[in-house]
Ligand code: XMP
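Numbering (the working numbering), first residue to last: 48 to 368.
Right, here's the structure in full:
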């Protein structure tokens, strides 16, 4: 991999911002670019860098793919509009769910998401807007893990030999490629992003699809979305690096309203980690675990079993898909 990492020790956020703004300007010239904002720290930083460099020659979209957390699109769009950055929500729910229909293999699901984003959605947005460039928030860890063959991150393209100009009709610009998450947070703070954004938990590009084992359907995403909200509420004071809910594919026996049936199980994970490269499970107090089980089984229809994962990364990964 020929990317020079900028470590925290060497990062000067002010000069990094200045250099990246210059770089974006020199690549895009007097043309225009698009980018997709998901509300995560990486894409938020890229949105602000792109906005500084290009002003209204950067068109920012929030791709509503049906896989995001509760109320996410409206919340993020209004935060950015408050900072003077207009964001358009594009409804692509049907495209994503039809691409994911019938797929159960994790790699096939990731590939379907990659293709839908880059070949269908971004190609169309590029055409409609007249842009030739896509700005995206790929970071150093994403590339490192993909190149090392640990897991194909959905946003890795050129680094594994995909020529985006030839395949999709636009060039990809990756301003935070040399940074890891902690460095990106520092840059976000200096860029004036709200604390809620620059301290945000990592969230995967494939969104809740990374947390549904087996087929990703609107119904199953709805289940994991509800469980995610509860997990985020209950673990927000834990100070952990990341916490998540996973919907399992196997059903287990359980008792719902006296009738015994085979019903759903949710796995909770909560990670201590610096940069997602390695991780260990947080020693969540037993009372919190009990509360999680109680809330998830009463508030999420169909769930009768809640487990807590105590495995380290490696051998596990942080997400389940
Ligand atoms: P894993 O599951 O590989 O996750 O241990 C490491 C970190 O990366 C996030 N993650 C992703 N981020 N695209 C992303 O932008 C992806 O496809 C993706 N998959 C996982 C994950 O949430 C964790 O913080």
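We treat Cβ as the ideally placed atom computed from N, Cα and C, and that holds for glycine.
Report the residue from the options whose alpha carbon sits nearest the alpha carbon of residue i.
i: residue 183; options: 282, 351, 87; result: 87
i: residue 139; options: 124, 156, 169; result: 169
i: residue 101; options: 71, 251, 128, 123; result: 71
i: residue 69; options: 96, 241, 91, 257; result: 96
i: residue 365; options: 188, 219, 233, 211; result: 188
i: residue 136; options: 129, 148, 130, 121; result: 121
i: residue 332; options: 287, 200, 301, 62; result: 287
i: residue 149; options: 362, 278, 263; result: 263
i: residue 214; options: 165, 236, 338, 323; result: 165
i: residue 334; options: 285, 196, 200, 245; result: 285
i: residue 145; options: 167, 199, 216; result: 167
i: residue 349; options: 313, 192, 153; result: 313
i: residue 104; options: 130, 77, 129; result: 77
i: residue 261; options: 295, 337, 279; result: 295
i: residue 41; options: 357, 141, 239; result: Outside the shown range of the chain (48 to 368) lies residue 41, about which nothing can therefore be said.
i: residue 330; options: 362, 323, 357; result: 357
i: residue 323; options: 190, 147, 49, 141; result: 190
Enumerate in chain order the residues of its own chain whose CB-to-CB distance from residue i is below 8 Å, with the five nearest sequence positions on each side excluded.
i: residue 186; result: 89, 223, 224, 226, 227, 228, 231
i: residue 359; result: 325, 326, 327, 328
i: residue 216; result: 170, 173, 174
i: residue 354; result: 312, 313, 314, 315
i: residue 309; result: 298, 299, 300, 301
i: residue 235; result: 88, 91, 92, 95, 244, 245
i: residue 361; result: 325
i: residue 129; result: none
Keeping to the same chain, check which residues put their C-beta closer than 7 Å to that of residue i; ignore five residues upstream and five downstream.
i: residue 177; result: 79
i: residue 241; result: 126
i: residue 124; result: 109, 134, 136
i: residue 198; result: 192, 364
i: residue 246; result: 232
i: residue 221; result: 183, 185
i: residue 303; result: 310, 351
i: residue 67; result: 96, 222
So is residue i in contact with chain C if we call contact Cβ pairs under 9 Å?
i: residue 315; result: Among the chains in the structure shown there is no chain C, since it carries only a single protein chain.
Once the 5 residues before and after residue i are set aside, which same chain residues still bring their CB inside 6 Å of it?
i: residue 143; result: 112, 113, 163
i: residue 58; result: 230
i: residue 106; result: 81, 176
i: residue 212; result: 218
i: residue 201; result: 157, 160, 161, 252, 253
i: residue 73; result: none
Since residue i and residue j should fall inside the 8 Å C-beta cutoff, what is the C-beta to C-beta distance between them, to a whole number of angstroms?
i: residue 253; j: residue 160; result: 5 Å
i: residue 256; j: residue 321; result: Wrong, their Cβ atoms sit about 26 Å apart, outside the cutoff.
i: residue 180; j: residue 75; result: 5 Å
i: residue 60; j: residue 218; result: Rounded, the Cβ-Cβ distance is 26 Å, inconsistent with contact.
i: residue 351; j: residue 301; result: 3 Å
i: residue 298; j: residue 311; result: 6 Å
i: residue 127; j: residue 94; result: 7 Å
i: residue 108; j: residue 132; result: About 12 Å; that fails the 8 Å criterion.
i: residue 47; j: residue 64; result: Summary: the structure shown does not reach residue 47, with the chain confined to residues 48 through 368, and so no result is reported for it.
i: residue 153; j: residue 347; result: So it is not a contact: roughly 23 Å between Cβ atoms.
i: residue 278; j: residue 339; result: 7 Å
Check your understanding: When the Cβ atoms of the region 79-94 are set against those of the region 53-63, are three or more pairs found closer than 8 Å?
Key -> no
Check your understanding: For the region 110-123 against the region 262-274, are there 3 or more C-beta pairs whose distance is under 8 Å?
Key -> yes
Practice item. Kindly provide the ranges of any alpha helix (DSSP H) runs that are 4 or more residues long and lie completely inside the region 118-179, ordered along the chain. Key: 119-129, 140-147, 153-162, 170-176
Review point. Three or more C-beta pairs closer than 8 Å, one from the region 204-222 and one from the region 114-134: is that the case here?
Key: Note that the region 204-222 does not touch the region 114-134; fewer than 3 beta-carbon pairs, one per stretch, sit closer than 8 Å.
Practice item. Give a yes or no on contact between the region 307-320 and the region 285-293, applying the rule of three or more CB pairs nearer than 8 Å. Key: Touching, per the Cβ criterion.
Review point. Would the region 339-350 and the region 271-278 be scored as touching if the rule is three or more Cβ pairs under 8 Å?
Key: Contact between the region 339-350 and the region 271-278 is present, with at least three C-beta pairs closer than 8 Å.
Exercise for review: For the region 188-274, list the beta strand (DSSP E) runs that are entirely contained and at least 3 residues long, ordered along the chain.
Suggested key: 218-220
Check your understanding: Could you give the uninterrupted runs of the beta strand (DSSP E) lying entirely in the region 302-340, keeping only those of 3 residues or more?
Key -> 306-319
Point to revise | Complete runs of the alpha helix (DSSP H) confined to the region 68-110 [at least 4 residues] | key: If we require 4 residues or more, the alpha helix (DSSP H) runs fully inside the region 68-110 come out as 88-101.
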